[in-house]
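Participant:
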Amino acid sequence: MALMTAADYTASLRDGRTVYYRGERVDDVTTHPVIGIAVEHATIDYRMADDAAERSLAVVDGPEGPYSRYYHIPRSADDLLRRSALIERATALGGTLVVLIKEIGTDALFALRLMAEHLDRTRGTAYLPRVERFHAYCRDRDLAVAVAQTDVKGDRSRGPAEQDHPDYYVRVVGEDEAGITLRGAKVHTSVSTNAHEIIVLPTRNLKPGEEAYAVACAVPANAPGLTMLASGYGGRKGTAFEQPVSSRHKMMETLTVFEDVKVPWDRVFLNGEVDAAGPLAKTFVEFHRFTAVSYKLPLVDLFVGAAHLMADYNGVLSAGHVRDKLAKLISYAQICRGMTREAARESKVMGGIAVPNAELINIAKLHFATGYHQALAWVQDIAGGLLVTGPSEEDLADTRLRELIDRYFGAAKGGAVDRLRLMNLIAEITASDFGGYQAVLAVHAEGSIEAEKMTIWRQHDIEPSIRYAKRLAGID
2 MALMTAADYT
12 ASLRDGRTVY
22 YRGERVDDVT
32 THPVIGIAVE
42 HATIDYRMAD
52 DAAERSLAVV
62 DGPEGPYSRY
72 YHIPRSADDL
82 LRRSALIERA
92 TALGGTLVVL
102 IKEIGTDALF
112 ALRLMAEHLD
122 RTRGTAYLPR
132 VERFHAYCRD
142 RDLAVAVAQT
152 DVKGDRSRGP
162 AEQDHPDYYV
172 RVVGEDEAGI
182 TLRGAKVHTS
192 VSTNAHEIIV
202 LPTRNLKPGE
212 EAYAVACAVP
222 ANAPGLTMLA
232 SGYGGRKGTA
242 FEQPVSSRHK
252 MMETLTVFED
262 VKVPWDRVFL
272 NGEVDAAGPL
282 AKTFVEFHRF
292 TAVSYKLPLV
302 DLFVGAAHLM
312 ADYNGVLSAG
322 HVRDKLAKLI
332 SYAQICRGMT
342 REAARESKVM
352 GGIAVPNAEL
362 INIAKLHFAT
372 GYHQALAWVQ
382 DIAGGLLVTG
392 PSEEDLADTR
402 LRELIDRYFG
412 AAKGGAVDRL
422 RLMNLIAEIT
432 ASDFGGYQAV
442 LAVHAEGSIE
452 AEKMTIWRQH
462 DIEPSIRYAK
472 RLAGID
């Protein structure tokens with residue numbers, strides 16, 4: 002089937018899905034004043050495929066093609082590098098906000114392929130043909146796919162089966178000849194309001210007795226019994242002058258509730274194999290952390306560019322402490338970029354799929370997450386207090402007040418209005434709802450800082466370093 006256009010994608014979301022925003026049922030996500038912005042943001046993917054200047058990056062013209070490059074199975078380091086470049090480019094077009102409607106879904110599909118192949122080979126299951134068919138189904142229809150992984154968890158000191166009620170983790174509550182029935186809830190489900198399909202994955206290691214929670218499957222976004230409660234965070238209406246990014250770009254997250262949702266067997270990719278739940282969750286996360294650092298790159302580049310330009314406007318570009326901060330910002334950005342590329346170059350082919358180097362991509366993500374708030378502080382320090390004390394767009398519209406602003410907000414370079422526009426951009430990425438959103442994503446999205454450190458510790462081959470230390474110390 003042909004690639005969707007942006008208009009095709011928008012129209013396809015009018016499918017009766019059950020979405021609530023601030024307590025009210027949303028009749029049409031495409032025209033909703035907040036969720037509609039997320040829909041328009043997501044059309045970036047489809048517009049890139051339709052743009053002659055972007056097509057070679059966004060589209061694969063293979064035997065099954067043309068199809069979105071996101072659905073291309075990476076077979077080599079070069080495939081991973083092109084995937085990373087596509088994610089970075091789409092995010093740059095999105096004003097530093099990732100599109101994610103195909104990135105995260107295909108991360109899950111790659112992980113499911115690897116786990117299904119392993120289970121079919123070692124257990125005699127028949128999961129891989131199901132995953133392959135679903136992958137082809139999404140690819141050939143150019144679908145947007147979300148991932149529901151993080152369970153609401155309840156009391157985190159207890160396992161899934163030990164909770165006060167059993168539905169804090171999504172579980173299978175019934176099976177019949179047609180398929181399985183799901184009940185429970187997932188949280189932080191990104192882009193679900195404007196996806197076509199939602200892939201359900203386990204969120205943690207499981208043990209015997211927790212078989213009902215060891216489930217992976219795919220559910221249409223408009224499936225009966227599926228309800229999405231969209232987060233209201235960052236939903237205030239903004240103007241392009243004062244909120245140059247979030248007035249045009251948004252991504253929705255939901256509490257995703259499964260109330261006896263029926264899933265046909267052909268869409269079930271894991272069912273009861275408790276020892277596979279944790280490895281599947283981890284495999285997905287390693288692909289998704291590669292996606293994550295790829296989409297962080299436009300944001301760290303913006304930190305560098307905006308801080309440098311503001312220092313130039315303010316006439317302090319030659320100040321030693323400013324150049325020191327700019328050098329550190331450049332280093333922060335380039336280490337993220339270099340480590341992401343190296344993770345692709347050092348990938349390993351497993352089951353015919355190139356998997357990013359887990360140690361290196363976790364180091365990249367850890368570097369980004371732990372350095373984010375310091376980088377943000379450097380940008381704010383260079384910019385100054387006008388980030389939160391400057392005049393408004395309404396002031397500029399008044400002739401008398403505009404004269405005062407032009408007279409008193411001049412600087413070393415750039416006019417008063419350009420300086421305020423740049424201030425508003427920096428304020429949005431560092432000191433607004435959108436800035437707070439990005440700051441929380443830096444710490445928690447794609448896994449916690451502690452999870453990244455644990456993965457680095459487990460992945461690193463420490464033995465050569467130990468042998469070297471022993472040899473220099475004279476220890477046998």
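Take 2 as the starting number for the sequence shown in the working numbering and just add one per residue. Heads up, the beta-carbon is just placed ideally off N, CA and C, and yes, glycines get one too. Please read all numbers here as calculations on a predicted model, not as lab measurements.
(1) So which of Arg-90, Arg-48 and Val-27 has the shortest CA-CA distance to Pro-299?
(2) Is the number of C-beta pairs between the segment 450 to 459 and the segment 426 to 440 that are closer than 8 Å three or more?
(3) What residues match up with Gly-385 in a beta bridge as DSSP calls it?
(4) What are the partner residues of Gly-95, as DSSP defines its beta bridges?
(5) Would you say Ser-247 and Glu-395 are within 8 Å of each other, going by their C-beta atoms?
(6) Return the CA-CA distance between Ala-443 and Lys-251, expressed in angstroms with no decimal places.
(7) Specify the secondary structure class of Asp-121 as computed by DSSP and reduced to three states.
(8) Of all the options Asp-177, Ala-277, Ala-149 and Tyr-333, which has the alpha carbon lying nearest to the alpha carbon of Val-220?
(9) Restricting to Cα atoms, I'd like to know which of Ala-359, Ile-102, Asp-46 and Val-380 is closest to Ala-328.
(10) Straight-line CA distance for His-322 to Asp-382?
(11) According to DSSP, is Glu-395 helix, strand or coil?
(12) Which residue or residues does DSSP assign as beta-bridge partners of Ser-199?
(13) Since Met-311 and Ile-427 are thought to touch, with beta carbons under 8 Å apart, how far apart are those beta carbons, to the nearest angstrom?
(14) If you draw a straight line from the alpha carbon of Leu-202 to that of Glu-211, how long is it in whole angstroms?
(15) Suppose contacts are defined by Cβ-Cβ distances below 8 Å. Is Ala-50 in contact with Ala-59 by that definition?
(16) Could you please give me the residues that DSSP links to Pro-564 through a beta bridge?
(17) Report the option in Pro-245, His-309, Ile-336 and Glu-55 whose CA atom is closest to the CA atom of Thr-371.
(18) Taking a contact to mean a Cβ-Cβ separation below 8 Å, would you say Phe-135 touches Ile-74 in this structure?
(19) Helix, strand or coil for Asp-477, going by three-state DSSP, please let me know.
(20) DSSP state of Asp-9, grouped into three classes?
(21) According to the neighbour-count rule (16 or more other Cβ atoms, all chains shown, within 10 Å of its Cβ), is Gln-244 buried or exposed?
(22) Which residue comes first and which comes last in the alpha helix (DSSP H) that contains Ala-43?
(23) Output the boundary residues of the alpha helix (DSSP H) element that contains Met-311.
(24) At the level of alpha carbons, what is the spacing between Gly-63 and Arg-76?
(25) If we count the other Cβ atoms within 10 Å of its Cβ and call it buried at 16 or more, is Asp-462 buried or exposed?
(26) With C-beta atoms as the reference, is Arg-378 less than 8 Å away from Phe-259?
(27) Would Asp-108 pass as a contact of Phe-270 if the rule is Cβ separation under 8 Å?
(28) So Gln-164 packs on Asp-152, CB below 8 Å; how close in whole Å?
(29) Would you check if the distance between the CB atom of Ser-193 and the CB atom of Met-229 is smaller than 8 Å?
(30) By the DSSP assignment, the alpha helix (DSSP H) with Tyr-214 in it spans what residues?
(31) Out of curiosity, what's the CA-to-CA distance linking Ala-412 and Val-35?
(32) For Asp-407, does the three-state DSSP call read helix, strand or coil?
(33) Going straight from the alpha carbon of Arg-459 to that of Ile-181, what length do you get?
(34) So what does DSSP say about Val-153, is it helix, strand or coil?
(35) Does Lys-297 pass the burial test, meaning 16 or more other C-beta atoms within 10 Å, or should it be called exposed?
(36) Taking Gly-273 as the reference, give the member of Leu-473, Leu-120 and Ala-355 with the closest Cα.
Facilitator: Reading off the structure:
(1) Arg-90
(2) no
(3) Its beta-bridge partners do not exist; DSSP assigns none.
(4) DSSP lists no partner for Gly-95.
(5) Judged by beta-carbon spacing, Glu-395 lies beyond the 8 Å limit of Ser-247, meaning their Cβ atoms are not closer than that value.
(6) 16 Å
(7) Residue state, collapsed to three classes: helix.
(8) Ala-149
(9) Val-380
(10) In this structure, the straight-line span from the alpha carbon of His-322 to that of Asp-382 is close to 10 Å.
(11) Helix at Glu-395.
(12) Checking the sequence shown, residue 199 turns out to be Ile, not Ser. According to DSSP, which records beta bridges pairwise, Ile-199 is partnered with Ala-147 and Val-220.
(13) 7 Å
(14) 15 Å
(15) Yes; because the gap between Cβ atoms is below 8 Å, this pair is in contact.
(16) Look at the range of the chain in this structure, 2 to 477, and you will see that residue 564 is not part of it.
(17) Ile-336
(18) Their beta carbons are not under 8 Å apart, which means Phe-135 does not touch Ile-74 by this criterion.
(19) coil
(20) DSSP places Asp-9 in helix when its eight states are reduced to three.
(21) With 16 or more other Cβ atoms within 10 Å, it is buried.
(22) 36 to 50
(23) 275 to 315
(24) So the alpha carbons of these two residues sit roughly 14 Å apart.
(25) exposed
(26) Sequence inspection shows Ala at residue 378; the Arg mentioned does not correspond to that position. No, they are not a contact pair.
(27) no
(28) Not confirmed; about 10 Å, so no contact.
(29) yes
(30) Element bounds for Tyr-214: n/a, residue is neither H nor E.
(31) 36 Å
(32) helix
(33) 35 Å
(34) coil
(35) buried
(36) Leu-120
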